[in-house]
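Residue numbers (this note's numbering), protein chains in the order written: chain V, 1 to 177; chain E, 178 to 683.
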Amino acid sequence: MWMKKRYVLKFDDLQHHTVVARRGSETEIHIGDGEALPVDAHTVLGGKAFSLQLGNRMHLVHLSASGHQGEVTATLDGRPVSLTVMDELKAQALESLGEAAGSGTISAEIPGLVYELLVKEGQKVHKGAPVIIVEAMKMQNELCAAVSGTVTSIPVEAGQAVNPGDALIVIDPEPGE
Amino acid sequence: MAIRRFKKVLVANRGEIAVRVMQGLKEMGIATVAVYSEADRTALHTVMADEAVFIGPSPASESYLMADKVLAAAKQTGADAIHPGYGFLSENGPFSEAVTAAGLVFIGPTAASMALMGDKLSARRKMRASGVPVVPGTDEAVTDPEEAIRIADGIGYPVLLKATAGGGGKGMRVVNEAGEMASALRQTTGEAGASFGNDAIFVEKYIVDPKHIEVQILGDGEGHAIHVFERECSVQRRHQKVIEESPSPSLTPELRERICAAAVQTAQAIDYRGAGTVEFILAPDGEFYFLEMNTRLQVEHPVTEMTTGTDLVQAMVKIAQGEGICYAQADLQQRGWAIEFRLYAEDPARNFTPSIGRITALTPPMGPGVRLDTGIYEGFDVPIHYDPMLAKLIVWGEDRDHAIARSKRVLKEFVLHGPVHNLAFHLWTLEQPEFLDGSYTTDFVSQRFDPENWLSQLDAGQTEALMAAASLFEAQRRGENGTAGDPDCGITNWRANARRAMTGNN
């Protein structure tokens with residue numbers, strides 16, 4: 001009997017779903033609502049890449065995890081792709097938390113170092129309050145809350161290097177913000 | 178001059194150039210000393226050296242630029258000489274003099290050459306006096322806007338206001354008409370003072386659509402020099418070189434001979450010692466002009482080495498040891514074509530913003546015609562304190578078309594995950610007609626690169642493969658090869674485990 005698992009993938013601003021089906025040593029993939037594609041897959045290059053045989057065609061896809069929310073960096077034929085992939089349940093759970101959750105999140109805009117955290121998890125903040133100091137390009141930048149709300153998580157710590165897009169302080173806005 | 182063979186050399190640098198210099202030294206049987214900052218204890222240059230000396234906190238100003246600490250490290254380890262690489266202390270006259278005063282050899286030119294060529298105005302004057310063509314302009318600093326306007330009227334607009342102590346594309350401003358002059362002069366003067374500590378500005382004709390041609394030279398310090406042919410460095414972004422090639426596709430044999438001769442003339446006029454590069458601007462009308470001279474080994478030296486079969490680091494060491502220039506001009510020839518791609522930790526889609534992080538995957542390209550100069554390795558944390566160049570990838574082919582075809586293969590083989598980088602940008606460049614026919618100029622990138630619309634599309638087969646691989650990757654990451662205990666498969670733990678036991682499929 002086929003054991004199946006659905007995944008949700010996002011890249012190039014589009015969402016896709018796949019189903020990975022296994023039966024013993026056989027694997028089949030359904031891309032979207034497409035037919036089952038038998039696939040022969042092996043990890044190679046010390047675990048950095050998958051070698052896939054689809055039909056006669058060979059594909060070498062390099063994949064590295066690049067975050068904690070299913071972010072993956074892939075490269076095939078010299079073309080880099082940033083995508084997220086997670087199993088369907090987790091994707092649905094995240095979506096049901098709603099867009100409002102964490103929408104007050106302060107993220108890094110340029111690479112830098114977290115210099116000092118000015119708030120703690122659980123702390124309520126007012127719009128405009130400074131929440132973190134990030135050192136970048138030899139300057140210290142004080143970042144402020146864009147909304148009033150509660151700090152729900154601080155995924156970074158002092159001294160940590162951060163890249164553009166990295167979440168620094170996650171804030172749940174107050175109702176009405 | 179007496180020959181003094183070095184037993185030990187300290188490399189006053191880091192990253193890929195420190196690695197490359199040490200490789201040259203090791204081949205000569207010379208012991209190597211590395212200097213390293215806090216961020217670099219596990220850097221490649223540190224771990225491959227025979228000895229290493231810690232020189233301070235990560236910021237360059239507190240470590241690699243601390244001339245006293247570097248010299249102290251050399252004395253402490255009993256080094257005979259110091260190789261400065263490029264950047265950092267490589268063109269620091271007082272440092273080279275301190276090295277000499279301490280009884281060590283500075284593998285580079287004299288402080289006098291550095292001073293003469295480091296000041297663009299004095300360089301212009303010297304070149305003019307030596308009969309080398311110079312970009313039309315002034316040889317004296319200008320402070321009065323009225324005078325600047327008079328000069329510009331004489332040369333013809335557009336003109337460039339340049340800081341005499343500037344470099345790397347900084348301290349320059351284009352002026353298109355007299356009305357802009359006063360404020361342009363004021364701003365450029367202010368910037369120059371702030372950036373270089375020297376606010377002297379001069380006026381030069383602005384050559385539109387220029388090509389940047391540079392010639393590698395080797396001088397023995399006693400009036401004799403040879404050239405090792407030219408490089409073209411016209412693929413630039415914000416005046417930063419991105420791709421370099423040798424030979425230059427823009428030169429006829431006759432022009433090549435004249436430019437290389439002008440470079441030798443330059444080196445001989447100043448009794449240059451060691452490796453250096455004379456930069457020229459080639460105007461659309463076929464005229465070339467001396468731009469500046471770099472009194473150090475350059476980043477892009479590998480394209481010269483690959484096409485002439487030379488080792489410039491070893492040639493520098495031999496000159497410094499008193500052996501003179503180890504090549505005869507008549508023996509040097511260009512063979513084939515080399516292209517260097519600088520790999521920067523920058524995101525082309527986000528205005529080339531720098532990126533940092535750990536190298537999570539590195540699959541280097543291999544096979545014929547490939548040279549990779551790098552200081553990074555898989556698992557290395559790229560520090561934020563230094564410039565964002567990760568590696569130099571140099572490809573050699575039998576001619577330019579072959580080098581380009583090979584470069585595409587090599588760039589696709591090279592995979593690097595971790596920081597965002599510009600490898601895909603190089604692949605983009607190799608598809609552009611201006612690059613393919615060699616007509617590109619230094620404005621090429623700013624004119625043609627569209628950050629919204631540059632990445633190639635994946636075809637259907639690739640998209641399928643990507644989605645399949647990513648799904649399997651996630652499955653593997655979650656340990657779901659048997660999906661035992663996975664509630665949404667409709668199978669309980671017990672039954673899944675039983676099935677696994679029966680099939681022995683673990």
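Beta carbons are placed, not taken as given, at the ideal position from N, Cα and C, and that holds for glycine.
Which first and last residues belong to the alpha helix (DSSP H) in which residue 650 of chain E is found? 637-654
Looking at residue 156 of chain V: is its Cβ nearer than 9 Å to the Cβ of residue 104 of chain V? no
Contacts of residue 64 of chain V in chain E (Cβ-Cβ under 8 Å): 537, 538, 594 and 595
Assuming residue 242 of chain E and residue 258 of chain E are in contact, meaning their beta carbons sit under 8 Å apart, how far apart are those beta carbons, in whole angstroms? Their Cβ separation, rounded to whole angstroms, is 19 Å, which puts residue 242 of chain E and residue 258 of chain E out of contact at 8 Å.
How is residue 660 of chain E classed by DSSP in three states: helix, strand or coil? Interpretation of residue 660 of chain E is limited by its pLDDT of 40, a score under 50 that renders its predicted location unreliable; the figure taken from the coordinates is listed afterwards. If DSSP states are grouped into helix, strand and coil, residue 660 of chain E belongs with coil.
Going by alpha carbons, who is nearest to residue 244 of chain E out of E:209, E:557, E:283 and E:222? E:283
Give the DSSP-derived three-state secondary structure of residue 10 of chain V in the structure shown. strand
Could you list the residues in the region 610-632 of chain E with a C-beta less than 7 Å from some C-beta on chain V, going in chain order? 632
Short of 8 Å Cβ to Cβ, which residues in the region 58-83 of chain V face chain E? 59, 61, 62, 63, 64, 65, 66, 70, 72, 73, 74, 75, 76, 77, 78, 79, 80, 81 and 83
I want to verify the contact list: residues of chain V whose CB lies under 8 Å from the CB of residue 639 of chain E, in sequence order. 59, 76, 77 and 79
According to DSSP, which residues form a beta bridge with residue 457 of chain E? E:390 and E:467
Which residue from V:124, V:73, V:32 and V:82 puts its Cα closest to that of residue 16 of chain V? V:32
Within a Cβ cutoff of 6 Å, which residues of the same chain sit near residue 421 of chain E, ignoring the five residues on either side of it in sequence? 408, 410, 477, 480 and 517
Would you tell me roughly how many angstroms separate the C-alpha atoms of residue 528 of chain E and residue 307 of chain E, rounded to the nearest one? 43 Å
Should residue 617 of chain E go down as buried or exposed, given a rule of 16 or more other Cβ atoms within 10 Å for buried? buried
Which residues in chain V have a C-beta closer than 7 Å to the C-beta of residue 534 of chain E? List them in chain order. 163
Answer yes or no: do residue 189 of chain E and residue 247 of chain E have a C-beta to C-beta separation smaller than 9 Å? yes
Can you pull the DSSP bridge partners for residue 231 of chain E? E:213
Which residues in chain V sit within 7 Å of residue 652 of chain E, going by Cβ to Cβ distance? 5 and 20
Give the straight-line distance between the Cα atoms of residue 67 of chain V and residue 534 of chain E, rounded to the nearest whole angstrom. 12 Å
Is the CB-CB distance between residue 554 of chain E and residue 221 of chain E below 9 Å? yes
Residue 220 of chain E by DSSP, collapsed to three states: which one? coil
Check whether the region 559-572 of chain E and the region 625-641 of chain E are in contact - that is, three or more C-beta pairs closer than 8 Å. no
Can you tell me whether DSSP reads residue 537 of chain E as helix, strand or coil? coil
Let me check one thing: in DSSP terms, what residues is residue 153 of chain V bridge-paired to? V:170
Considering only residues of the same chain and omitting the five flanking positions on each side of residue 10 of chain V, which have a CB-CB separation below 7 Å? 83 and 84
Taking only three categories from DSSP, how would you classify residue 578 of chain E? helix
Helix, strand or coil for residue 511 of chain E? Go by DSSP, reduced to three states. coil
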